[in-house]
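Enquirer:
Protein chains: 4
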Amino acid sequence: MPPGQPKWRRRKEARPAEIVAAALEVFAEKGFAAAKLDDIAARAGVSKGALYLYFETKHDLFTAVVRTSVAPNIEAVEEASRNLALPFATLARMLLTIAAERAATTQIGAVAKMVIAESGNFPDLARVWHEEVVGRALAAVVGVIERAQARGEVRPGDPRLHAFSMIGPLLLGVIWREVMAPAGAPPVDLRALAAQHIDTALTGMLAEGGRS
Amino acid sequence: MPPGQPKWRRRKEARPAEIVAAALEVFAEKGFAAAKLDDIAARAGVSKGALYLYFETKHDLFTAVVRTSVAPNIEAVEEASRNLALPFATLARMLLTIAAERAATTQIGAVAKMVIAESGNFPDLARVWHEEVVGRALAAVVGVIERAQARGEVRPGDPRLHAFSMIGPLLLGVIWREVMAPAGAPPVDLRALAAQHIDTALTGMLAEGGRS
Amino acid sequence: MPPGQPKWRRRKEARPAEIVAAALEVFAEKGFAAAKLDDIAARAGVSKGALYLYFETKHDLFTAVVRTSVAPNIEAVEEASRNLALPFATLARMLLTIAAERAATTQIGAVAKMVIAESGNFPDLARVWHEEVVGRALAAVVGVIERAQARGEVRPGDPRLHAFSMIGPLLLGVIWREVMAPAGAPPVDLRALAAQHIDTALTGMLAEGGRS
Amino acid sequence: MPPGQPKWRRRKEARPAEIVAAALEVFAEKGFAAAKLDDIAARAGVSKGALYLYFETKHDLFTAVVRTSVAPNIEAVEEASRNLALPFATLARMLLTIAAERAATTQIGAVAKMVIAESGNFPDLARVWHEEVVGRALAAVVGVIERAQARGEVRPGDPRLHAFSMIGPLLLGVIWREVMAPAGAPPVDLRALAAQHIDTALTGMLAEGGRS
DNA sequence: CATGAATGAGTGTTCATTCAT
DNA sequence: GATGAATGAACACTCATTCAT
């Protein structure tokens with residue numbers, strides 16, 4: 006046995022993350038209520054009791070899953086939106102590309118599905134999700150649009166509804182991947198969707214003079 | 006008691022519909038697993054046992070709720086899309102307006118939330134929802150777009166992705182109303198969203214020559 | 006099947022009492038925490054779920070057991086103590102005889118044991134037991150003693166401590182029967198104990214002139 | 006740090022006693038089943054695992070608590086009862102005074118409450134308690150009474166029941182302090198109770214000629 | 001048809017006990 | 001010796017489903 010490499014190390018620091026990862030899988034597959042702690046524990050490679058060393062209740066575990074999955078992603082959007090100097094077309098293309106990339110490569114779609122599903126049973130979670138995630142992301146996009154309107158780059162219109170026009174199709178794509186594709190629907194290429202949609206949205210939103 | 010038309014006679018025939026209506030409320034509020042048959046029965050004004058006179062299991066009741074809620078709506082979209090003679094701009098505006106109207110006045114948003122939430126636990130339902138609802142609606146829109154592209158009205162591009170561009174923001178609006186607004190987010194006017202978005206989408210999708 | 010004698014009658018009215026009786030047995034044997042609802046249900050001849058049709062929690066069932074067992078007994082003592090005209094010696098003899106009789110023929114000893122055991126975990130119960138049972142019984146006895154002291158029948162001294170002198174040995178007898186006797190100790194005849202003790206207590210308590 | 010007398014050395018030997026002391030507190034507050042080893046360990050200032058270095062099971066720890074708490078007290082009673090030369094009145098007064106003193110200043114009341122509560126679940130403990138504690142104490146008192154009866158000091162009557170008359174009120178006082186007082190009942194002064202009761206009991210028990 | 005009392009399998013949670021460190 | 005992370009059996013409580021009335 007090589008020294009410094011104990012066969013079985015106490016995992017106190019790694020465990021919570023492992024459990025959250027396992028829980029994300031199970032919650033995403035089954036939903037909150039249908040997810041069994043036995044399954045989560047088994048998938049995390051621990052006993053059921055061990056879950057309670059790190060999370061007080063199933064509720065708490067679910068909340069931790071959502072928070073953990075979301076925090077890193079929201080930063081990216083906000084940061085990109087702070088590139089005030091860029092023309093709107095460039096910035097918008099950048100934002101949607103980042104979003105599509107994240108949606109394609111992370112579990113954020115599954116988390117969104119969970120939040121949609123359980124918003125009624127987790128009022129706190131819905132509020133957090135609104136205040137810290139969707140609200141912030143939307144505010145960033147709305148801010149970008151408002152500034153572009155002020156500079157005459159984007160045509161008039163409610164900036165929040167413009168933001169919905171920009172983001173909505175991506176949400177549809179994510180839901181499609183999470184819900185329809187597993188049921189046999191032909192898959193959607195999120196990156197291609199983002200690329201084609203941003204062309205449409207930009208052409209539709211840019212003021213007359215701003216079009217090529 | 007007036008002979009021939011006792012009040013309870015009509016009840017008997019209306020029961021299944023009343024139960025489905027009550028179930029829709031409870032399922033929409035709580036989700037499938039958290040909905041209790043006691044609550045549904047109480048809200049329908051019948052005994053718990055009576056539910057089993059009309060539906061074999063909770064599963065069946067849920068399926069009936071989803072089917073009942075969608076069938077009438079899908080027809081409207083398909084019918085509108087058969088107006089082949091209309092210019093794309095007119096037809097597209099019509100389709101989105103109908104969709105927004107339905108979304109604003111029916112429970113279809115709540116049902117969509119339920120299907121999204123429970124797709125993992127109801128494979129059959131997800132397939133039915135795809136084959137009979139979303140698939141058909143999407144196919145109708147895609148057909149309209151393809152014909153418009155063939156006539157040179159709509160610029161090239163994957164017609165399905167174009168359809169996502171058209172419909173996506175409305176889904177976002179519905180999710181917003183069902184999930185974010187109850188958590189304190191400012192509400193969205195679905196009709197205004199549809200009106201502004203179709204302007205954007207049309208400008209973005211129409212071929213060069215087709216723009217005003 | 007004889008009419009009017011259904012093979013299996015709905016027991017809605019009889020059930021709670023049956024369950025409380027079964028619960029009393031099990032609680033008395035094992036104590037609150039060690040009593041299993043499965044056992045109680047089995048002994049009552051019902052399913053575990055049925056318990057919850059009548060009692061919200063195990064806690065509630067325990068409380069019901071205590072209340073039910075006590076109410077009838079306390080009346081007897083209070084009633085006897087209202088015989089103001091009787092000489093103290095007669096009344097005291099009567100009270101102890103009644104108490105011994107009740108202790109010998111009812112489950113009140115087992116209930117007392119339970120209350121003693123669980124007073125720390127059931128603050129409400131301990132308070133109820135004090136206010137409605139022990140307190141009232143003691144007050145009745147103290148009242149009798151005070152009146153007898155006023156009439157010069159009983160010698161001076163704190164009437165509450167005199168009451169302890171009268172009642173204490175009976176409690177010891179009950180505890181003995183519940184705790185020591187099952188462990189192999191020779192049994193005590195509660196009636197004989199009461200009879201001999203009241204002679205001692207009366208002789209000890211009566212004023213000089215009152216003794217034979 | 007002074008060499009040769011490190012502070013932790015004394016700890017090592019004191020550990021079992023510290024644990025038993027902590028366990029007594031927790032058992033007395035919560036009862037056996039509701040007492041958590043975590044609490045006991047925390048209160049003793051050791052880890053949960055450390056408990057198992059000194060006691061095999063929770064059962065054993067409970068047994069140790071009871072044994073430890075009673076042994077010293079029983080000696081006092083037996084020793085006092087060996088003063089054969091003293092008149093009964095003197096000896097009885099002495100015994101009750103000692104008992105009241107011990108009851109007022111030690112945890113013996115809490116232990117008695119525990120034994121009463123758990124006698125059903127700890128048959129061994131109930132037997133030990135009977136054979137080594139209550140039985141011995143009672144036998145000592147009974148012996149004193151029998152000798153006094155032989156000398157004509159105490160009137161006839163079952164000596165064991167006489168012993169119950171002497172001791173019972175003190176038990177009631179202890180139960181009162183442990184159970185009723187914490188629930189809001191007015192407290193009892195155990196020493197005053199013993200003093201007043203022994204007057205009563207002596208007057209009641211002494212043979213005609215023996216009274217002052 | 002309709003009721004609602006009764007069932008019992010299923011699950012979140014606790015906690016005495018173990019053992020690698 | 002001492003720790004405390006980990007275990008897993010045990011149990012209170014829920015609720016879809018049944019069926020005697």
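Note that the protein sequences, when read in sequence, are chains A, B, C and D.
The first sequence begins at 6 in this note's numbering and counts up by one.
The second sequence begins at 6 in this note's numbering and counts up by one.
The third sequence begins at 6 in this note's numbering and counts up by one.
The fourth sequence begins at 6 in this note's numbering and counts up by one.
For every residue, glycine included, the Cβ atom is placed at its ideal position computed from N, Cα and C.
Quick caveat: nothing in here was measured; it's all calculated off a predicted structure.
1) Got a sec: is the Cβ-Cβ distance from Ser217 (chain D) to anything in chain C below 8 Å?
2) Taking Leu177 (chain A) as the query, report the chain B residues whose CB atoms sit under 8 Å from its CB, ordered along the chain.
3) Between Lys118 (chain B) and chain A, is there a C-beta pair that is closer than 8 Å?
4) Determine which residues share a DSSP beta bridge with Val159 (chain B) and list them.
5) List the residues of chain A whose Cβ lies closer than 8 Å to the Cβ of Lys35 (chain B), in chain order.
6) Cβ closer than 8 Å: which chain B residues qualify as neighbours of Asp163 (chain A)?
7) In angstroms with no decimal places, state the Cα-to-Cα distance between Glu18 (chain C) and Tyr59 (chain C).
8) Can you find the residues in the same chain that come closer than 7 Å, C-beta to C-beta, to Ala145 (chain B), ignoring five residues on each side of it along the sequence?
9) Can you tell me whether DSSP reads Pro164 (chain D) as helix, strand or coil?
10) Along the chain, where does the alpha helix (DSSP H) containing Met185 (chain C) start, and where does it finish?
11) Tell me, please, whether the CB atom of His64 (chain B) is closer than 8 Å to any CB atom in chain A?
12) Could you compute how far the alpha carbon of Ala142 (chain A) sits from the alpha carbon of Glu136 (chain B)?
13) Does any C-beta atom of chain D lie closer than 8 Å to the C-beta of Arg72 (chain C)?
14) Where do the N-terminal and C-terminal ends of the alpha helix (DSSP H) with Asp194 (chain C) fall, by residue?
15) If you drop the 5 nearest sequence neighbours on each side, which residues of the same chain put their C-beta closer than 6 Å to that of Ala69 (chain B)?
16) Which residues of chain A have a Cβ atom closer than 7 Å to the Cβ of Met99 (chain B), listed in chain order?
17) Helix, strand or coil for Arg132 (chain A), going by three-state DSSP, please let me know.
18) Using a C-beta to C-beta distance shorter than 8 Å, which residues of chain D count as neighbours of Arg132 (chain C)?
19) Mind checking the segment 74 to 98 of chain A against chain B and listing, in chain order, the residues whose C-beta falls within less than 7 Å of any C-beta there?
20) In angstroms, rounded to a whole number, what distance separates the CA positions of Ala155 (chain B) and Ala90 (chain B)?
21) Quick one: grab the DSSP three-state call for Gln112 (chain A).
22) For Asn126 (chain B), which option in A:Val31, A:Glu23, A:Ala22 and A:Pro21 has the closest C-alpha, if you only look at C-alpha atoms?
23) Taking 8 Å as the threshold (beta carbon to beta carbon), is Leu257 (chain B) in contact with chain A?
24) On the DSSP letters alone, give me the boundaries of the alpha helix (DSSP H) that Asn88 (chain D) sits inside.
25) In chain order, what residues of the same chain lie with their CB nearer than 8 Å to the CB of Glu151 (chain B), ignoring the 5 residues before and after it?
26) How long is the line joining the alpha carbons of Ala22 (chain A) and Leu42 (chain D), rounded to whole angstroms?
27) Excluding the 5 residues flanking Pro192 (chain B) on each side, which residues of the same chain have their C-beta closer than 6 Å to its C-beta?
28) Provide the residue span of the alpha helix (DSSP H) that contains Val139 (chain A), from first to last.
29) Given a cut-off of 8 Å, decide if Met171 (chain C) and Leu96 (chain C) are closer than it, judged by their beta-carbon atoms.
30) Put Ala38 (chain D) into one of helix, strand or coil per three-state DSSP.
31) I need the boundaries of the alpha helix (DSSP H) containing Gly54 (chain B), first residue and last residue.
32) 8 Å is my cut-off, CB to CB: does Ile121 (chain A) come that close to chain B?
33) For His167 (chain D) and Val184 (chain D), what's the separation of their Cα atoms in angstroms?
Expert: Checking against the coordinates, here is how it stands:
1) Confidence in Ser217 (chain D) is poor, its pLDDT being 48 and thus under 50, which makes the residue's placement too unreliable to answer from.
2) Within 8 Å Cβ-Cβ: Phe169, Ile172, Gly173, Leu176 and Leu177.
3) Lys118 (chain B) belongs to the set of residues whose beta carbon lies under 8 Å from a beta carbon in chain A.
4) The partner list for Val159 (chain B) (beta bridge, DSSP) reads B:Leu211.
5) Listed by position along chain A, the residues whose Cβ is nearer than 8 Å to that of Lys35 (chain B) are Gly125 and Asn126.
6) Neighbours of Asp163 (chain A) on chain B, chain order: Ala197 and Gln201.
7) C-alpha separation (whole angstroms): 10 Å.
8) In chain order, Val82, Glu83 and Ser86 place their CB closer than 7 Å to the CB of Ala145 (chain B), counting only its own chain and leaving out the 5 sequence neighbours on each side.
9) If DSSP states are grouped into helix, strand and coil, Pro164 (chain D) belongs with the helices.
10) No residue range can be given for Met185 (chain C), since it is assigned to no alpha helix (DSSP H) and is classified by DSSP as neither H nor E.
11) His64 (chain B) does not count as touching chain A.
12) Cα to Cα, Ala142 (chain A) sits roughly 33 Å from Glu136 (chain B).
13) Not closer than 8 Å to any Cβ of chain D, the Cβ of Arg72 (chain C) fails to qualify, so no.
14) First-last for Asp194 (chain C): undefined, no H or E at that position.
15) These residues qualify, in order along the chain: Val25.
16) Against chain A, a Cβ distance below 7 Å from Met99 (chain B) picks out nothing, because the smallest value is about 18 Å.
17) Correct three-state label for Arg132 (chain A): helix.
18) In chain order: Ala188 and Gly189.
19) Listed in sequence order: no entries.
20) One C-alpha to the other measures close to 14 Å.
21) Coil at Gln112 (chain A), not helix or strand.
22) Answer by Cα proximity: A:Val31.
23) The requested residue 257 (chain B) is not part of the displayed model; chain B covers only 6 to 217.
24) No alpha helix (DSSP H) holds Asn88 (chain D); DSSP gives it neither H nor E.
25) Pro164, listed in sequence order.
26) Cα-Cα distance, rounded: 29 Å.
27) Excluding the 5 residues flanking it on each side, Pro192 (chain B) has same chain C-beta neighbours closer than 6 Å at Ala186, in chain order.
28) No alpha helix (DSSP H) holds Val139 (chain A); DSSP gives it neither H nor E.
29) A distance of 8 Å or more separates the beta carbons of Leu96 (chain C) and Met171 (chain C).
30) Ala38 (chain D) falls in the coil class under three-state DSSP.
31) Residues Lys53 to Tyr59.
32) Judged by the 8 Å Cβ criterion, Ile121 (chain A) is in contact with chain B.
33) Cα-Cα distance, rounded: 26 Å.
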